[in-house]
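Undergrad: Okay, so the sequence shown: first residue is 17 according to our numbering, each after it adds one.
For glycine and all other residues, C-beta sits at the position ideal for the given N, C-alpha and C.
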Amino acid sequence: MTHAFLCGAMRPPKFWKTEKAASLSQARLPSRHNRTFGPRKLGEAGSRSFGTRFAFSFHQVCWKIQSSSKMAATQLTESTITVGGQTLFYRQAKPAQLAPRLSVLLLHGIRFSSETWLKLQTLSKLAEAGYHAVAIDLPGLGNSKEATAPAPVGEPAPSSFLRSVFEALQLDQAVVISPSLSGMYSLPFLFQHKELLKAYIPVAPICTEKFSATQYAGVKTPTLIVYGDQDVQLGEVSLNNLKNIPNHKVMLMEGAGHACYLDKPEEWHLGLLNFLKSLE
Numbered sequence: 017m018t019h020a021f022l023c024g025a026m027r028p029p030k031f032w033k034t035e036k037a038a039s040l041s042q043a044r045l046p047s048r049h050n051r052t053f054g055p056r057k058l059g060e061a062g063s064r065s066f067g068t069r070f071a072f073s074f075h076q077v078c079w080k081i082q083s084s085s086k087m088a089a090t091q092l093t094e095s096t097i098t099v100g101g102q103t104l105f106y107r108q109a110k111p112a113q114l115a116p117r118l119s120v121l122l123l124h125g126i127r128f129s130s131e132t133w134l135k136l137q138t139l140s141k142l143a144e145a146g147y148h149a150v151a152i153d154l155p156g157l158g159n160s161k162e163a164t165a166p167a168p169v170g171e172p173a174p175s176s177f178l179r180s181v182f183e184a185l186q187l188d189q190a191v192v193i194s195p196s197l198s199g200m201y202s203l204p205f206l207f208q209h210k211e212l213l214k215a216y217i218p219v220a221p222i223c224t225e226k227f228s229a230t231q232y233a234g235v236k237t238p239t240l241i242v243y244g245d246q247d248v249q250l251g252e253v254s255l256n257n258l259k260n261i262p263n264h265k266v267m268l269m270e271g272a273g274h275a276c277y278l279d280k281p282e283e284w285h286l287g288l289l290n291f292l293k294s295l296e
């Protein structure tokens, strides 16, 4: 049996500059499940105070955060899925009371994990805006370290991998956010399973040179190409290949490096939410 708790949402996007949320990732999870603990301080939490408690179950960890915010409540959970006989960890956030507007699957780079999107508040901001956000830990990384990647780093992985992820997460269709390393997973999926993609948001992904201009020209999926102008390795290279996708927009983040979303999180969230809104 799993438990779900309501999380008081933070401020809406227009107030990004005034408040940062507490980081849940710093909490120490006990080895035993089905435990409930009293309030605990979780890092720096801006000007608001949060009463926090934790509830743990065998397959899922849920948090309840109480906030004085008037925004709609959101659910934030952790769990695992089985893909190709291997266990993959994921985090997800969604509106607690309303049906999500869209689903968004967030992948990550080689030095990162789903925790990156948690700490950056991308998961919470998507949920506050009405979206179902799911961030997985790719094989061999984060909390999926025991899993083996379906292809060597730098080589396109079978498109069936992400298709199986979609099936395990019960996603009919989703927007895929794909930074850096995750391009080896998302690009084959883009070409072979277009029907499952609501939109594609590549952030200077690898492997763009593995596909031809003709292949990109055949993609009809709405695409937001994101890169930082200080990314001297993959920024321009990925742009030059991805711009062959007919239905694309470009989000250039000036003064930002390869992980541009970390350098300029407010600009990243604003551009992301504006693009998602344009899909509706």
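When the Cα of Ser202 is compared with those of Leu123, Leu136 and Thr90, which residue comes out closest?
TA: Measuring from the Cα of Ser202, the nearest candidate turns out to be Leu123.
Undergrad: Skipping 5 residues on each side, what residues in its chain have a beta carbon closer than 6 Å to that of Leu121?
TA: Excluding positions up to five away in sequence, the list reads Val150, Ala190 and Val192.
Undergrad: Under the rule that 16 or more other beta-carbon atoms within 10 Å means buried, what is Asp188, buried or exposed?
TA: Burial call: exposed.
Undergrad: When burial is assigned at 16 or more other CB atoms within 10 Å of the CB, is Asn290 buried or exposed?
TA: Under this definition Asn290 is an exposed residue.
Undergrad: For Gly146, which option in Lys110, Gln249 and Phe105 has the closest C-alpha, if you only look at C-alpha atoms?
TA: When only C-alpha atoms are compared, the closest one is Lys110.
Undergrad: In whole angstroms, what is the alpha-carbon distance linking Thr103 and Ala167?
TA: C-alpha separation (whole angstroms): 16 Å.
Undergrad: Less than 8 Å between C-beta atoms, sequence neighbours within five positions excluded: which residues of the same chain meet that for Lys236?
TA: So the list reads Lys210, Pro262 and Asn263, once near-sequence residues are dropped.
Undergrad: When the distance is taken between beta carbons, is Asp245 closer than 8 Å to Glu270?
TA: In contact: Glu270 and Asp245 (Cβ atoms closer than 8 Å).
Undergrad: In three-state terms, what does DSSP make of Glu171?
TA: Here Glu171 sits in coil by DSSP.
Undergrad: Sort out for me which residues DSSP pairs Pro111 with in a bridge.
TA: BP columns for Pro111 point to Thr90.
Undergrad: Given that a residue counts as buried once 16 or more other Cβ atoms are within 10 Å of its Cβ, and exposed if not, what is Val266?
TA: Answer is exposed; the Cβ neighbour count stays below 16.
Undergrad: Following the continuous beta strand (DSSP E) through Val191, name the residue where it begins and the one where it ends.
TA: Ala190 to Pro195 is the extent of the beta strand (DSSP E) around Val191.
Undergrad: Please report how far the alpha carbon of Ser198 lies from the alpha carbon of Ile126, in whole angstroms.
TA: Each residue's alpha carbon lies about 8 Å from the other.
Undergrad: Going by C-alpha distance, which of Thr239, Ala215 and Phe205 is nearest Cys223?
TA: The option with the nearest alpha carbon to Cys223 is Phe205.
Undergrad: Consult DSSP for Gly251 and reduce its assignment to one of helix, strand or coil.
TA: Residue state, collapsed to three classes: helix.
Undergrad: Figure out for me which residue from Gly251, Ser228, Glu131 and Leu92 has the closest Cα to the Cα of Gln113.
TA: Gln113 has its Cα closest to that of Leu92, out of Gly251, Ser228, Glu131 and Leu92.
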